[in-house]
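Protein chains in written order, with my numbering: chain A, 1 to 402; chain B, 1001 to 1402.
2 protein chains.
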Amino acid sequence: MTYDVAKIISSEAFGMAQDILRDQHDRFVDEIIELTEIPSPPFKEERRAKAYEQKFRELGLEDVHRDEIGNVLGIRRGRGNGQMIAVAAHMDTVFPEGTDCTVRREGTKLFAPGVGDDTRGLAALLAFIRALDGAGIGTEQDLLFVGDVGEEGKGDLRGVRHLFTKGKYRDQIAGFFTVDGLQLEEITTRAVGSYRYRITFRGPGGHSLMAFGTVNPAYALGTLLAGMARINVPETPQTTFCASTFGGGTSVNAIPEEVWTEVDLRSEGQAELDKLDADLRDLVEQAVAGENARGDTTNGEIAAEITRIGNRPAGGTPHDAAIVQAAFAALPHFGFEATTGSSSTDANIPMSLGIPAIRLGSGGTGGRAHSLDEWIDVEPEESLRGLYAGLATILGTAGLAK
Amino acid sequence: MTYDVAKIISSEAFGMAQDILRDQHDRFVDEIIELTEIPSPPFKEERRAKAYEQKFRELGLEDVHRDEIGNVLGIRRGRGNGQMIAVAAHMDTVFPEGTDCTVRREGTKLFAPGVGDDTRGLAALLAFIRALDGAGIGTEQDLLFVGDVGEEGKGDLRGVRHLFTKGKYRDQIAGFFTVDGLQLEEITTRAVGSYRYRITFRGPGGHSLMAFGTVNPAYALGTLLAGMARINVPETPQTTFCASTFGGGTSVNAIPEEVWTEVDLRSEGQAELDKLDADLRDLVEQAVAGENARGDTTNGEIAAEITRIGNRPAGGTPHDAAIVQAAFAALPHFGFEATTGSSSTDANIPMSLGIPAIRLGSGGTGGRAHSLDEWIDVEPEESLRGLYAGLATILGTAGLAK
């Protein structure tokens, strides 16, 4: 279903929602600070989740709860056609336990780990709900607001994966926004999928002199790496691979018993990702067989263990999907020249399942995400421009009830 | 010069020396314990060296001093033909600072890190000097007693290397014993030479997705390792190589800026060792060139750094050398079936310089050298059999003065 975004934006109700966003911008900033200062390390989002759940309750959302995996959910009912548009932001940061998350303010700039990625997104959801409530706006479809866990790194999208595979609303979600990051020029419509592995080669080891000739797992690793360098991948859909980290061995005078590498495989296309995955597995098999054929296996053979340490499916949302069309219609109204791009976000999961989804920024400017020097600028004009555009895109997707 | 070993062993003076070794065996054991309990970690032999120097002084050796590198030296003059036979044992252990070196005694067994390798050897030298003095034995050639530093691991034979390249007696030493380890069946006449390297490949790094195509040092490392697996080495002289330890990379989603391996090259033949060394360097060069040809070098090229972390020259002592002949004559008298073997010890240095040298055990039994569970058995009969054989071999080399 497509709604007339221009009409929505020019409606009296939407104007009122904009006024409320403007009037309450200070409160929005306060909430960014409040939430940023509740640390939310990987796999330890619970404290922030509790606070966010409390916010949802205070806003009067329906069925507010934390699900089995730790996501915070709350519904703002629309006219009840049974379909939901999910609007999510992620609660986890990349920063480990013990990181100082105190926000330092300099003028309109806020400095703190996680302040932009994605705490501004979490606060934006709250601001949207207040604006909708204050302007008395109803939507055609239900809005499911979500603060999710496990977006970053080894979190491996587990919050949103749960939402779409085991969550109680999994069959009702017809569209998905992840409000993640700041910028709104480029919306993410293509999900870069990735498989990440730790590949460990093991063998019997032995003294470098006395056991010379014994199979050496390092040579199997070498054959794998040299083989990876020769893998051909398509440019479109973009497909990449990388052997990234290494370790193993105990002493310069010992054949290692174990060597390992961590590898990263990515593609915008699931079929290409799976092809790359198969190529890698073939190389591992050949490397093991080659070294066992070359060396002495009296004391044991080389074996490889492939452990998946990351799994993000590829996917995409077609340009003619209502959610993309809504963004293309709404963003230019607020001065954003909309383009599409690819990245790896919570939207990977619905995209891989064929459910229309995009990543949308929450506005404002900033930098140094994933570093201790992360900062955002909440200068109101630029900040509000993003909030207006985001809310208009959401309403363009969920529909403004007459 | 060759001396009649059978005659030496049957002499009254040597019989008296044996009696003294037997009478003072408890003192020998006490000295093993005393020296073992003075920790002597790699590059930190100073405390043990001070104690050992004091022992040399108390025994009345001439020109007792610690040299520039930390070796303890003392001379027992012979008839003064100007040539010296060096008798050395190494003071360093493989155990790091903080290792508990307290000796635990169970019957005739002594348990402690370093007790056999090579503290028994250090104590044996003191026992030899007392026996020679007590029996009034003069030698044809001067005896240079040495407690040396840096035999183990990264010590890289620096003590004995200094002795033969910069030491004040370097031009006078005509034969060299390292009293190292326990067993006397096999004397070491062939020095396994080794070169050890840390090979580091460096490149510009970058994001695994965004910078895909950039040269990756891991693929250069892979090419090196795969190439090493194909190196051909001769069986005689025994020549071996090993890629042993690995590391590098910072994150699974980043092209590594640096990866490294440590490799061990060994040979009983210096020419074969140098050939292997050249092969390795060629492979490194090819690996670098190959990856720079394959990948994008816009942000920088792959470069390799080869750092030598170990350098032990190969060499050998001919079987007809007086020092080997003395051992072959002396050992069977005490029930040892003498054979020759190869290893990497302090004797590498003189062997590589063409100076006759052997490694000789100090006798007794034991096990678990280089482990915290190291032990020796000082049961007197077996222990003394080794001391007698060692002293006879030394006298067979240095000559018993009439």
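Backbone N, C-alpha and C fix where the C-beta goes; we use that ideal spot for every residue, glycine too.
Here Phe-1201 of chain B carries a strand assignment [DSSP, helix/strand/coil]. Linking Ser-11 of chain A to Gln-18 of chain A through their CA atoms gives a straight-line distance of about 11 Å. When DSSP reads this structure, Tyr-195 of chain A sits in a beta bridge with A:Leu-265, A:Asn-311. For Val-233 of chain A, same chain residues with a beta-carbon under 8 Å away, outside a window of 5 residues either side, are Thr-239, Thr-240, Phe-241, Ser-267, Glu-272, Leu-276 in chain order.
Below the 9 Å Cβ cutoff, chain A contributes Val-252, Asn-253 as neighbours of Arg-1196 of chain B, in chain order. Within chain B, the residues placing a beta-carbon under 8 Å from that of Thr-223 of chain A are Gly-1222, Leu-1225, Ala-1226, Ala-1229, ordered along the chain.
In the displayed model, Ala-347 of chain A falls within coil according to three-state DSSP, outside both helix and strand. When the beta-carbon positions are compared, Ile-355 of chain A and Leu-157 of chain A stay at least 8 Å from each other. For Tyr-219 of chain A, the closest Cβ of chain B is nearer than 8 Å.
The beta carbon of Val-1094 of chain B sits no closer than 8 Å to any beta carbon of chain A. Only residues of its own chain outside the window of five on either side were considered, and among them Glu-1186, Ile-1187, Thr-1188, Thr-1189, Arg-1190, His-1319, Val-1324 have a CB closer than 8 Å to the CB of Thr-1340 of chain B, listed in chain order.
Residues of chain B with a Cβ closer than 7 Å to the Cβ of Ser-371 of chain A do not exist, since the nearest Cβ in that chain sits about 13 Å away. Cβ proximity to chain B below 8 Å picks out nothing from the stretch 101-124 of chain A. At a cut-off of 3 residues, the continuous stretches assigned as beta strand (DSSP E) that sit fully inside the stretch 1017-1098 of chain B are 1062-1066, 1072-1076, 1084-1090. Val-259 of chain A sits in a strand when the DSSP states are folded into three classes. Ala-329 of chain A and Met-1210 of chain B have their alpha carbons spaced roughly 29 Å apart. Of the other Cβ atoms in all chains shown, 16 or more fall within 10 Å of the Cβ of Ala-112 of chain A; this residue is therefore buried. Against Val-284 of chain A, chain B offers no close residue; the least beta-carbon distance is about 13 Å (beta-carbon pairs closer than 9 Å). Residue pairing from DSSP places Val-1179 of chain B in a beta bridge opposite B:Leu-1360. Chain-order list of chain B residues neighbouring Leu-276 of chain A: empty, with the shortest C-beta distance near 12 Å, by a criterion of under 7 Å.
Proximity of chain B to Ser-352 of chain A at the Cβ level (cut-off 7 Å) is not reached, the minimal Cβ distance being about 17 Å.
Taking a beta-carbon distance threshold of 8 Å, Phe-1212 of chain B counts as an interface residue toward chain A. In chain order, Trp-260 place their CB closer than 6 Å to the CB of Gly-247 of chain A, counting only its own chain and leaving out the 5 sequence neighbours on each side.
Between Phe-1014 of chain B and Ala-1392 of chain B, the C-beta gap is smaller than 8 Å, which places the two residues in contact. Residue pairing for Ile-1306 of chain B: DSSP places it in a beta bridge opposite B:Ile-1199. Just measuring C-alpha positions, the residue of A:Asn-299, A:Gly-114, A:Ser-352 sitting nearest Gly-316 of chain A is A:Ser-352.
Residue environment: Glu-1337 of chain B is assigned as exposed (fewer than 16 neighbouring CB atoms within 10 Å of its CB, all protein chains considered).
Using a C-beta cut-off of 8 Å, the stretch 172-180 of chain A makes contact with the stretch 357-376 of chain A, since at least three inter-stretch Cβ pairs fall below that distance. Residue contact with chain B for Ala-243 of chain A: present (Cβ-Cβ distance below 8 Å to some residue of chain B). Thr-1393 of chain B: member of the alpha helix (DSSP H) spanning 1380-1398, first to last residue.
Taking a beta-carbon distance threshold of 8 Å, Pro-1256 of chain B counts as an interface residue toward chain A. Not a single C-beta of chain A is nearer than 8 Å to the C-beta of Thr-1317 of chain B. Distance from the Cα of Asp-1067 of chain B is smallest, within the candidate group B:Ala-1049, B:Glu-1058, B:Gln-1083, B:Arg-1057, for B:Ala-1049. Comparing alpha-carbon positions, the option among B:Asn-1071, B:Arg-1312, B:Thr-1102, B:Asp-1100 lying closest to Ala-1089 of chain B turns out to be B:Asn-1071.
Per DSSP, Ser-1244 of chain B lies in no alpha helix (DSSP H); the unbroken beta strand (DSSP E) holding it starts and ends at 1239-1248. Each of B:Gly-1249, B:Val-1252, B:Arg-1281 was checked against the Cα of Met-1228 of chain B, and the nearest Cα belongs to B:Arg-1281.
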